[in-house]
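Top to bottom, those sequences are chains Y and A. For the first sequence, the working numbering gives the first residue as 1, with consecutive numbering after it. For the second sequence, the working numbering gives the first residue as 1001, with consecutive numbering after it. Think of the CB as a built atom: it goes at the ideal place given N, C-alpha and C, for glycine as much as any other residue. Worksheet: the structure to be examined is printed underneath.
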Amino acid sequence: MRITGWSGGLAVAGLLLAGCGGGPGGGGKISDGGVVLAVLNDQSGIYADTSGRLTIEAVRMAVEDYRARYGDKAVAQKIDVVAADHQNKPEIANSKAQELYDREHADVILDVPTSSAALAVATVARNKKKVFIDVGAASTELEGKSCNKYTFHYGYNSYMLAHGTGSEVTKDGGTSWYIVYPDYAFGQDMERTFSAAIKAAGGAVVESDPTPFPNDNFSTFLLKAPGLDPKPQVLGTMHAGGDLVNLVKQYNEYKLRDKGVQLALGLLALSDIHSLGPDALAGTRYTTMWTWSMDDQTRAWADKFQARNGKRPTSNMAANYSAALQYLEAVQRAGTDNSDKVVEQLEGHTFEDMFVRNGTIRAQDHLLLHDAYLSQVKPSSEVKEPWDYEKVIRTIPAAEAFQPQPDPACKL
Amino acid sequence: MIMSRLARSGRGGIALLVIGLLAALVLPWLIYPPVALDIACWALFAAALDLLLGFTGLLSFGHAAFWGGSAYCTGLIALHGGMPFPVAILGGAAFAALLALPIGFLSVRLTGIYFAMVTLAFAQMIYFVANQWRDVTGGENGLQGIPRELFGLDLYDPFFFYYAGLPFVLAGLLAAWRIVRSPFGRVLVSIRDNPARARALGYPVDRYRLLAFVLSAALSGTAGGVFAIGHGFASLDGLYWTTSGQVVMMVILGGIGTLWGGAIGAGVVVQLQDFLATAGFEGIGIVTGSIFIVIVLLFRRGIWGTARHLARRRGLSPAGGSGGGPAGSPGLARAPASPRPAGGPPGATAGERC
Chain Y
1 MRITGWSGGL
11 AVAGLLLAGC
21 GGGPGGGGKI
31 SDGGVVLAVL
41 NDQSGIYADT
51 SGRLTIEAVR
61 MAVEDYRARY
71 GDKAVAQKID
81 VVAADHQNKP
91 EIANSKAQEL
101 YDREHADVIL
111 DVPTSSAALA
121 VATVARNKKK
131 VFIDVGAAST
141 ELEGKSCNKY
151 TFHYGYNSYM
161 LAHGTGSEVT
171 KDGGTSWYIV
181 YPDYAFGQDM
191 ERTFSAAIKA
201 AGGAVVESDP
211 TPFPNDNFST
221 FLLKAPGLDP
231 KPQVLGTMHA
241 GGDLVNLVKQ
251 YNEYKLRDKG
261 VQLALGLLAL
271 SDIHSLGPDA
281 LAGTRYTTMW
291 TWSMDDQTRA
301 WADKFQARNG
311 KRPTSNMAAN
321 YSAALQYLEA
331 VQRAGTDNSD
341 KVVEQLEGHT
351 FEDMFVRNGT
361 IRAQDHLLLH
371 DAYLSQVKPS
381 SEVKEPWDYE
391 KVIRTIPAAE
401 AFQPQPDPAC
411 KL
Chain A
1001 MIMSRLARSG
1011 RGGIALLVIG
1021 LLAALVLPWL
1031 IYPPVALDIA
1041 CWALFAAALD
1051 LLLGFTGLLS
1061 FGHAAFWGGS
1071 AYCTGLIALH
1081 GGMPFPVAIL
1091 GGAAFAALLA
1101 LPIGFLSVRL
1111 TGIYFAMVTL
1121 AFAQMIYFVA
1131 NQWRDVTGGE
1141 NGLQGIPREL
1151 FGLDLYDPFF
1161 FYYAGLPFVL
1171 AGLLAAWRIV
1181 RSPFGRVLVS
1191 IRDNPARARA
1201 LGYPVDRYRL
1211 LAFVLSAALS
1221 GTAGGVFAIG
1231 HGFASLDGLY
1241 WTTSGQVVMM
1251 VILGGIGTLW
1261 GGAIGAGVVV
1271 QLQDFLATAG
1281 FEGIGIVTGS
1291 IFIVIVLLFR
1301 RGIWGTARHL
1311 ARRRGLSPAG
1321 GSGGGPAGSP
1331 GLARAPASPR
1341 PAGGPPGATA
1351 GERC
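See the structure below:
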């Protein structure tokens, strides 16, 4: 992986040299001699698998595709990709973001998982008047109270995850729910959205329990589930990362599936299924923003990605590819990398690409609205090739997938 | 005799002081200003912890409560009170001292590992309160967008803010230095070395320890407040036990009982984190952990402690610099006793021999 990283870097460097030699193109309107895309994410901690270093590769692929598309007509002839590891610490994210904008002349920062880190970077973007497209964080505060002119939220958020799973699974007949959620902001928000979605779709929440966070023993909650009155058909959970892995293992140990309690999740990444094995999660339904095996277009891109990196991409990596590509497209339309002009181009933009279907960037709160998918984990008997774990059950149209109205607290 | 020692250590001391001050002043020219401010804040935090660990012999594993608690309090005052940031920082420091009063009252009766565990437990309680009290603290999203104003002057540029925050850090370090040098500080050292004897001499040991705890918390709070204003937010991270662990690590790296060693430890750790963030290396914990292990195994006195020890052996010991009573220079007396709270007596003798 290190070798491919190097060769990827060399390839980009080579292309850069070629680009420089390619003559003036659309130059002059580009600040500091080139466009710099910065990826700020977790490369050593809990999100290193879902996001991490392969996300940087995805962004490099976007740069190559942009070059291939526009060639000599490209407004941005010289494009650099830089990266930093924020270690999930908001203060490091804060100083690194300033450094990326100031010293590396970054024109846009991408990814930034962990809500507190993402919100800190949003503040930096506002003060520096530079574009920030967040992909990795789920907090709806990015398009709510903390929204600003230069910050965009791209791909997914906690509303999409909870609302999608809650309403779609209820419509499929799972009308009585038992919810367990981690007791912190993300879990509490998701629980609220989840319950509202279930009720709106005609279901009922039998009980809803907060669990400590982080937690490694869920037996109290899981053993209680089949005995509740009325017996819940679905166990809905908002856990993520290591907590989710623990919960799923115990769910299987107690054979809750055989006892008629289905599992439905808010957030599930391809890398989670890969590490747990598909059988541990078989039949589990969840909401996702993208799956590599969705159709021919996504497959073609995933093949290219795998050829480079030896793995299939997670939805987060694909979302970063798309965000980088749409940023460069906006630079192309604006004819400059001036932040205000690029923001103007992004606001209200309607588009489709490898990742986004029926996409619009809502001008009022800078949230990307696009189709989401209710998916299900395949049992290993149906898995035909490596990494082929996900099955899309239904498309959730863009208009229903995200918050129908912008948060009134958001004033750009 | 005391006068002569002061004069002797004075020349070297003043030279070091000037070098230290110069380093503090030119730091944002040498490294990225927000990182320089981080180093300054952590340096004060480490000195505050050293006051307790090095000079009172109490290993607190819950100092995140004062750093993070003050960060939130400072942020709330600046955000909702509309106060200029110096008032907010002082408010935060006062809050940290108030918080330390009950925590210290209940913990100082214990020493060693029990004291560490109890302080850790209190800090975790504060963490959970901050996590749950979302209306005030913002939960895991943190308290964002803390303003950084001084009488209408916008100090957003981190370069200028460094110089606005530096006086607080220097004042805090000066206070720590004065505390250590005062008669009160001498009593603390005697309590550290032999609490039973200090009690026999008529000193109310627990009350001295409590006061040291509160003073240390107030200084930690000052550091946390500057940090919160400097970054423009307060987050749960600041209250988490890893923050307590990080500051203990800085003190041990720099040298326990040296006061200034913490600043060096802070510089090393913060710079390392900053460097590794863009180094493209995935095992950040492995690097910092290995450095920590090497220092603890090979240089038990820490970076500053080892440097001072070598300097004394080379230059000053023939002149009798280390011959004086331990009360005269607490740092020197510290070396054999310092690993005791963490390591145990065998290490102390080994450290003395090399």
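**Study point:** Beta-bridge pairing of residue 41 of chain Y - partner residues as DSSP gives them
**Key:** Looking at the DSSP assignment, residue 41 of chain Y forms a beta bridge with Y:85.
Point to revise | Pairwise C-alpha distance: residue 1159 of chain A and residue 1104 of chain A | key: Rounded to the nearest whole angstrom, the C-alpha separation of residue 1104 of chain A and residue 1159 of chain A is 37 Å.
Practice item. Ignore the nearest five residues each way along the sequence and tell me which others in residue 355 of chain Y's own chain have a CB closer than 7 Å to its CB. Key: Within the same chain, 290, 318, 319, 321, 322 come within 7 Å of residue 355 of chain Y by CB-CB distance, once the 5 residues on both sides are set aside.
Review point. Nearest chain A C-beta to residue 119 of chain Y closer than 8 Å, yes or no?
Key: With 8 Å as the cut-off, residue 119 of chain Y counts as an interface residue toward chain A.
Review point. Should the stretch 89-105 of chain Y be regarded as contacting the stretch 117-130 of chain Y, the criterion being three or more beta carbon pairs within less than 8 Å?
Key: The stretch 89-105 of chain Y vs the stretch 117-130 of chain Y: in contact.
Point to revise | Range of the contiguous beta strand (DSSP E) that encloses residue 263 of chain Y | key: Unbroken beta strand (DSSP E) run through residue 263 of chain Y: 262-265.
Check your understanding: Any Cβ of chain A within less than 8 Å of the Cβ of residue 94 of chain Y?
Key -> By the rule that beta-carbons nearer than 8 Å mark a contact, residue 94 of chain Y touches chain A.
**Study point:** Contact residues within the stretch 239-269 of chain Y, judged by C-beta distance below 9 Å to chain A
**Key:** Those residues of the stretch 239-269 of chain Y that come within reach of chain A (Cβ to Cβ, closer than 9 Å) do not exist; the list is empty.
Review point. Opposite residue 370 of chain Y in the DSSP bridges: which residues?
Key: None; residue 370 of chain Y has no bridge partner.
Practice item. Run down chain A in chain order and give the residues with a C-beta less than 7 Å from the C-beta of residue 186 of chain Y. Key: Here the neighbours are 1140.
Point to revise | Residues in the stretch 126-143 of chain Y having any Cβ partner in chain A nearer than 8 Å | key: Against chain A - using a Cβ distance shorter than 8 Å - the residues of the stretch 126-143 of chain Y are 127, 139, 141.
Practice item. Run the CB neighbour count on residue 1286 of chain A, radius 10 Å, all protein chains shown included, and call it buried at 16 or more, exposed below. Key: Counting other Cβ atoms within 10 Å of its Cβ, residue 1286 of chain A stays below 16 and is therefore classed as exposed.
Practice item. Give the residues from the stretch 60-86 of chain Y that approach chain A closer than 9 Å (Cβ to any Cβ), ordered along the chain. Key: Listed by position along the chain: 82, 83, 84, 85, 86.
Review point. Should residue 1244 of chain A be flagged as near chain Y, meaning a C-beta pair shorter than 8 Å?
Key: Judged by the 8 Å Cβ criterion, residue 1244 of chain A is not in contact with chain Y.
Review point. If you run the structure through DSSP and keep just helix, strand and coil, what is residue 232 of chain Y?
Key: Residue state for residue 232 of chain Y is assigned as coil, using DSSP reduced to three classes.
**Study point:** Inter-residue Cα distance where the pair is residue 1244 of chain A and residue 1292 of chain A
**Key:** The straight-line gap from Cα to Cα measures roughly 15 Å.
Point to revise | Whole-Å CB distance - residue 244 of chain Y paired with residue 216 of chain Y, under 8 Å assumed | key: Contact annotation, residue 244 of chain Y with residue 216 of chain Y: C-beta distance approximately 11 Å; criterion of less than 8 Å not satisfied.
Practice item. Could you name the residues of chain Y that residue 1145 of chain A contacts, counting a contact when the two beta carbons are closer than 8 Å? Key: The answer, in chain order, is 123, 146.
Point to revise | Runs of beta strand (DSSP E) lying entirely within the stretch 43-120 of chain Y, each at least 3 residues, in chain order | key: When DSSP assignments are scanned along the stretch 43-120 of chain Y, the uninterrupted stretches of beta strand (DSSP E) that are 3 or more residues long and fall wholly within it turn out to be 79-85, 108-111.
Point to revise | Amino acids of chain A, ordered along the chain, whose beta-carbon sits closer than 8 Å to that of residue 313 of chain Y | key: Listed along chain A is no residue with a C-beta nearer than 8 Å to that of residue 313 of chain Y; the closest approach is about 18 Å.
Practice item. Below 7 Å CB to CB, which residues in the same chain sit around residue 98 of chain Y once its five sequence neighbours on both sides are set aside? Key: Closer than 7 Å at Cβ, skipping near neighbours: 124.
Exercise for review: Kindly list, in the order they appear in chain Y, the residues whose Cβ is closer than 8 Å to that of residue 1236 of chain A.
Suggested key: Within chain Y, the residues near residue 1236 of chain A are 116.
Check your understanding: At a CB-CB cut-off below 9 Å, which residues of chain Y make contact with residue 1111 of chain A?
Key -> Taking the beta carbon of residue 1111 of chain A as reference, no residue of chain Y falls within 9 Å; the closest one sits roughly 30 Å away.
Review point. Secondary structure at residue 1309 of chain A, three-state DSSP: helix, strand or coil?
Key: Reduced to three states, the DSSP call for residue 1309 of chain A is helix.
Check your understanding: For the 8 Å Cβ check, are there 3 or more pairs between the stretch 109-120 of chain Y and the stretch 373-386 of chain Y?
Key -> The answer is no - the stretch 373-386 of chain Y does not touch the stretch 109-120 of chain Y, with fewer than three Cβ pairs under 8 Å.
Check your understanding: Comparing the C-beta of residue 1131 of chain A with each C-beta of chain Y, is any distance below 8 Å?
Key -> Closer than 8 Å to some Cβ of chain Y, the Cβ of residue 1131 of chain A qualifies, so yes.
**Study point:** Start-to-end residues for the alpha helix (DSSP H) that takes in residue 211 of chain Y
**Key:** Residue 211 of chain Y -> not in any alpha helix (DSSP H); beta strand (DSSP E) instead, spanning 204-211.
Review point. Relative to the alpha-carbon of residue 218 of chain Y, which residue among Y:283, Y:62, Y:199, Y:254 has its alpha-carbon at the smallest distance?
Key: Closest option to residue 218 of chain Y, Cα to Cα, is Y:254.
Review point. Helix, strand or coil: how does DSSP classify residue 132 of chain Y here?
Key: It is a strand residue.
**Study point:** alpha helix (DSSP H) segment containing residue 239 of chain Y, residue limits
**Key:** Looking at the DSSP string, residue 239 of chain Y is not in any alpha helix (DSSP H), and its letter there is neither H nor E.
Exercise for review: Say whether chain A places a C-beta atom closer than 8 Å to the C-beta of residue 411 of chain Y.
Suggested key: Judged by the 8 Å Cβ criterion, residue 411 of chain Y is not in contact with chain A.
Point to revise | Rounded Cβ spacing between residue 1259 of chain A and residue 1295 of chain A (contact assumed at less than 8 Å) | key: Contact doesn't hold; Cβ gap of about 18 Å is too wide.
**Study point:** Outcome for residue 223 of chain Y when other beta-carbon atoms lying within 10 angstroms are tallied against a minimum of 16
**Key:** When all chains shown are included, residue 223 of chain Y counts as exposed.
Exercise for review: Kindly indicate which residue of Y:58, Y:135, Y:36 has the alpha-carbon position closest to the one of residue 105 of chain Y.
Suggested key: Among Y:58, Y:135, Y:36, the Cα nearest to that of residue 105 of chain Y belongs to Y:36.
Exercise for review: Indicate the three-state DSSP secondary structure (helix, strand or coil) for residue 1234 of chain A in the structure shown.
Suggested key: Residue 1234 of chain A falls in the strand class under three-state DSSP.
Review point. Of all the CB atoms in chain A, is at least one closer than 8 Å to the CB of residue 89 of chain Y?
Key: The Cβ of residue 89 of chain Y sits closer than 8 Å to at least one Cβ of chain A.
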